[in-house]
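Colleague: Counting along the sequence shown from 1, when you hit position 66 you're at 555 in my numbering, and nothing is skipped either side.
Don't be surprised by glycine CBs; every beta carbon is placed ideally from N, CA and C.
Take a look at this one; I'll ask things after.
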Amino acid sequence: MQNREKFSSVNLSKKMVENLQKLGYEYMTEIQAQSIGPILEKQDVLAKAKTGSGKTAAFGIGVLSHIDVKRFRVQSLILCPTRELAQQVAKELRNLAKFQHNIKILTLIGGESFGKQLGSLAHHAHIVVGTPGRVLKHLNKGSLSLDELNSFVLDEADRMLDMGFIEEIDGVVSYIPQKVQTLLFSATYDDEILEISKKYQVDPLSITTEEQE
Ligand code: ADP
Ligand code: MG
């Protein structure tokens with residue numbers, strides 16, 4: 490743990506740092522130390538770090554810092570490969586956002602009632618965490634608007650490509666306004682990841698960590 494940077498050394502709100510402390514997060518993991526600063530600066534980031542290295546908080550802290558809770562619009566969209574992962578990411582974001590009482594984080598995943606999701610969307614959300622197919626369905630139906638999006642995250646991008654989601658992801662991206670910060674997180678890199686990075690990102694900062702747990 491020596492030589493690790495503390496969360497308090499980054500330009501985060503006092504409330505965020507206090508909440509992180511309550512969660513038992515005092516020192517940043519390597520991927521967090523390398524990516525949170527650039528994410529706060531609204532840079533596109535392509536990040537590779539192994540499973541369990543704290544990628545959710547790496548993008549989550551940055552994404553949450555750019556949410557204006559007074560604007561009742563979807564400002565961040567996070568895509569995950571499976572329902573379970575989407576639920577886990579939403580849970581972690583809710584923990585990270587505990588001090589922001591009015592923030593609404595909605596999951597849009599397959600296997601749940603579409604009608605119920607329509608109702609939730611009508612009541613507004615600041616952040617949507619979902620699986621590609623269900624998110625695209627809402628976009629096609631017009632029940633989800635991304636007009637005021639400021640960040641877009643592809644979590645576990647390698648797994649989403651392995652699972653054959655590229656068409657759905659392309660479909661979702663066609664609804665995303667220009668100039669949205671795009672963050673690509675993956676446990677591995679291959680040509681396909683680099684290809685989608687080229688397609689979706691602008692001048693991305695590429696980060697690779699080889700942290701030993
Ligand atoms: P990944 O997405 O890279 O597989 P996760 O984001 O799921 O990893 O994080 C793995 C675990 O590490 C989670 O239980 C999370 O709560 C914990 N964690 C993340 N960042 C920190 C930190 N800075 N300090 C302590 N625990 C952390
Ligand atoms: Mg993860």
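For the structure I just gave you, are there three or more beta carbon pairs, one from the segment 589-604 and one from the segment 536-548, closer than 8 Å?
Modeller: In this structure the segment 589-604 does not touch the segment 536-548; the number of beta carbon pairs closer than 8 Å is below three.
Colleague: So if DSSP puts T671 in a beta bridge, which residue, or which two residues, is it bridged to?
Modeller: As a position in the sequence shown, residue 671 is number 182, starting the count at 1. For T671, DSSP records a beta bridge to F641.
Colleague: From what residue to what residue does the beta strand (DSSP E) around S695 run?
Modeller: What you label residue 695 is simply residue 206 of the sequence shown in a count that begins at 1. First-last of the beta strand (DSSP E) with S695: L694 to T697.
Colleague: Cα separation between Q541 and L683?
Modeller: On the sequence shown, residue 541 is found 52 positions in, with the first residue counted as 1. On the sequence shown, residue 683 is found 194 positions in, with the first residue counted as 1. Reading off the sequence shown, one finds Gly at residue 541, where the question assumed Gln. Looking at the two C-alpha atoms, the distance is approximately 22 Å.
Colleague: Over what stretch of residues does the beta strand (DSSP E) that includes K537 continue unbroken?
Modeller: On the sequence shown, position 48 is the one that residue 537 refers to. First-last of the beta strand (DSSP E) with K537: V534 to K537.
Colleague: Taking DSSP as the reference, what is the three-state secondary structure of K503?
Modeller: Taking the first residue of the sequence shown as 1, we reach residue 503 at position 14. Three-state result, K503: helix.
Colleague: Quick check: what's the CA-CA separation for K630 versus I665?
Modeller: Along the sequence shown, one-based indexing puts residue 630 at 141. Along the sequence shown, one-based indexing puts residue 665 at 176. The alpha-carbon atoms of K630 and I665 are separated by roughly 15 Å.
Colleague: Can you tell me whether DSSP reads E702 as helix, strand or coil?
Modeller: Walking along the sequence shown from the start, residue 702 turns up at place 213. With a pLDDT of 42 at E702, under the threshold of 50, the predicted position of this residue should be treated as unreliable, though the coordinate-derived value follows. In the structure shown, E702 sits in coil (DSSP, three-state: anything other than H, G, I, E or B).
Colleague: What first and last residue would you give for the alpha helix (DSSP H) that runs through I685?
Modeller: Mapped onto the sequence shown, residue 685 falls at position 196. Per DSSP, I685 belongs to the alpha helix (DSSP H) from D680 to Y689.
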